[in-house]
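Going line by line, the protein sequences match chains Z and E.
Numbering of the first sequence is given in UniProt numbering, commencing with residue 1 and proceeding in unit increments.
Numbering of the second sequence is given in UniProt numbering, commencing with residue 1 and proceeding in unit increments.
All C-beta atoms in this analysis are idealised placements derived from N, C-alpha and C, irrespective of residue type, glycine included.
Worksheet: one structure, shown below.
Number of protein chains: 2
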Amino acid sequence: MGRKSDAGDRILAAGTKLFGQRAYASIGVAEIAAEAGVPKGSFYYFFPSKQALALAVVDAHWEQQRAEWLRILTAAEPLTERLRGLFASTVEVQRQAVAGTGAVVGCLFGNLALEVSAQDDPVRARLQQIFEEQIDIVEEAIRPEHAAGRSGFGTAREAAKAIVAQIEGMVLFAKLFNDPGQLDPLLQNSLRLLGLDDARTAA
Amino acid sequence: MGRKSDAGDRILAAGTKLFGQRAYASIGVAEIAAEAGVPKGSFYYFFPSKQALALAVVDAHWEQQRAEWLRILTAAEPLTERLRGLFASTVEVQRQAVAGTGAVVGCLFGNLALEVSAQDDPVRARLQQIFEEQIDIVEEAIRPEHAAGRSGFGTAREAAKAIVAQIEGMVLFAKLFNDPGQLDPLLQNSLRLLGLDDARTAA
C-alpha cells in the first residue's frame, strides 16, 4: 500500500477515534490531521470536508458492525442465544474501549445522532438509514418467533425497534457512568420486550 | 423584578434554548449573551463560566421535569394510566418544540450525557444524579405492581431503569427522524418490560 493510501487510512482512523471520544462539533480538521500525523493540506487530498470524513467514518463503522450483527443474528442457534451473542459483543466493544482509552465510547451513531441538528445534514440522513438497517436485521432475526405467536402483540418491526432503542438507551447509561456493566440487563430486557422472558415461558 | 435578575433569567433561557438545539461544545458565551440580548460582560456577572450556566440550565430543567413526573406518577390512578400520562407528556414536549422551532429537541439530559466525556466534569456528575432520580421516581411508581408479583422476574429498579433507557432510546429516534410519533410505542414497550402487557394479562 502506497504512502498516500496509508495517510487516507490514518485520517479515517483518527476521525473514528476522535468522533468516538468527543463532540463532533468540537473537533476540527487541524486536530484530525495532527492525530493522523499528516499535514492539514493532506486531509483535503483525501476528504473535501470534515463532513465527508464523518460520512466515511460512519460508513466504515457500519460496514464492520453490520457484518458482526449479521454473523451473530443469522447463526444457526436459538434466538435467545443469538441475542445473548449480540449483547456480549456490544459489551465487549465498550470493555475494549475502557481498556484502551479508559472510557466507554458509547455508540458512534447515537453520539452523532444527538448532535446533527440540521435537517438537511447528509450525516443525519445516513444515520437514519443505518438505524433502519439495524432494525431490519433484528426484525429479520425475531420474525420466526414472532410469527409463531410467542412474542405477543405488536409487529416484529415494533419489537425490533424497541430492542434497538433499548440498546441505545443502555449504551447512553454505560457512557454516562463509564461502566460497561450497565449493559448487562440488555438480554433480559429484550426477552421481555419479545415476550420470551422466563416468567412468560414458565406460565 | 429588577433589570439585573431579568438579564440572568434571559441568559438562563438562552442557554436552555441553545443547549437544546445544538452541541454544547459548539456554543460559546458570546453566542449565549447575544441570544439573551445582554453584553458578553454581563454573562460573567451572573455565571462564572459556560459550565456554570450548563449546571444551572440542567438544574432548572430537572426541577420542572421532576415536578411533572412526580405529579403524574404519584396520581391516584392505575399504573397503566399514570405511565400513559407520563409518555403523553413526553410526546407533548417534543410536539411543542416542533411547533415552536420546527425540530424535535430530544432530551436535554441525554444530549449532554453523550457529549460530556471528561470523567471529572461536574455536568456529568449532575446528569448521573438526575438519571438516578428519574429511575427512583419510576421505581417508586411501579414498586406496588412489582411487589404484587405481576411484573415477573427482575427487581423493580431493573424494570425502572429499562423504562428510562427505553425513553432515552426512543427520544433519540424522535430527534434523529424529527418525528414525535416515534415515541408512540413507549407505553406498549414499558408495559411489556413490566410484564403488564395485554398478551400477558390475557393469558
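Assigned exposure category for G102 of chain E - 16 Cβ within 10 Å defines buried: exposed
Neighbour flag for G28 of chain E against chain Z, beta carbons, 7 Å: no
Of the listed residues Z:P185, Z:L194, Z:L114, nearest to G149 of chain Z (C-alpha basis): Z:L194
Run of the alpha helix (DSSP H) containing G100 of chain Z, from where it starts to where it stops: 79-101
Exposed unless 16 or more other CB atoms sit within 10 angstroms - verdict on A30 of chain Z: exposed
Outcome for R124 of chain Z when other beta-carbon atoms lying within 10 angstroms are tallied against a minimum of 16: buried
Under 8 Å by beta carbon: chain E residues contacting R124 of chain Z: L176
DSSP three-state assignment for F177 of chain E, whether helix, strand or coil: coil
Interface residues of the region 155-187 of chain E facing chain Z [CB-CB below 8 Å]: E158, K161, A162, V164, A165, Q166, I167, E168, G169, M170, L172, F173, K175, L176, F177, N178, P185
Test: L86 of chain Z CB closer than 7 Å to a CB of chain E: no
Beta carbon of L187 of chain E nearer than 7 Å to that of F87 of chain E: yes
Min CB distance R192 of chain E to chain Z below 7 Å: yes
Chain E contact for G110 of chain Z (CB, 7 Å cutoff): yes
Pick from Z:L53, Z:K175, Z:A67 that is closest to residue 239 of chain Z, judged by C-alpha positions: Any answer about residue 239 of chain Z is impossible in this case: the structure gives chain Z only from 1 up to 203.
Reference G37 of chain E, options E:D9, E:E68, E:R192, closest by Cα: E:D9
Local Cβ density within 10 Å of S151 of chain Z, reported as buried at 16 or more and exposed below that: buried
CB contact below 7 Å: Q128 of chain E versus chain Z: yes
Within 9 Å of chain E by C-beta, residues of the UniProt domain "HTH tetR-type" (5-65) of chain Z in sequence order: Q21, R22, A23, Y24, A25, S26, I27
Coil, strand or helix - S151 of chain E by DSSP: coil
Within 7 Å, strictly: CB atoms of A113 of chain Z and E139 of chain Z: no
Own chain residues within Cβ distance below 6 Å of F173 of chain Z, not counting five before or after: Q182
Helix, strand or coil at S26 of chain E according to DSSP, with G and I counted as helix: helix
Cross-chain neighbours of L114 of chain Z in chain E, by beta carbon under 7 Å: G106, G110, N111, L114, L172, K175
Sequence-distant residues of the same chain with beta carbon closer than 7 Å to Q64 of chain Z, five excluded per side: none
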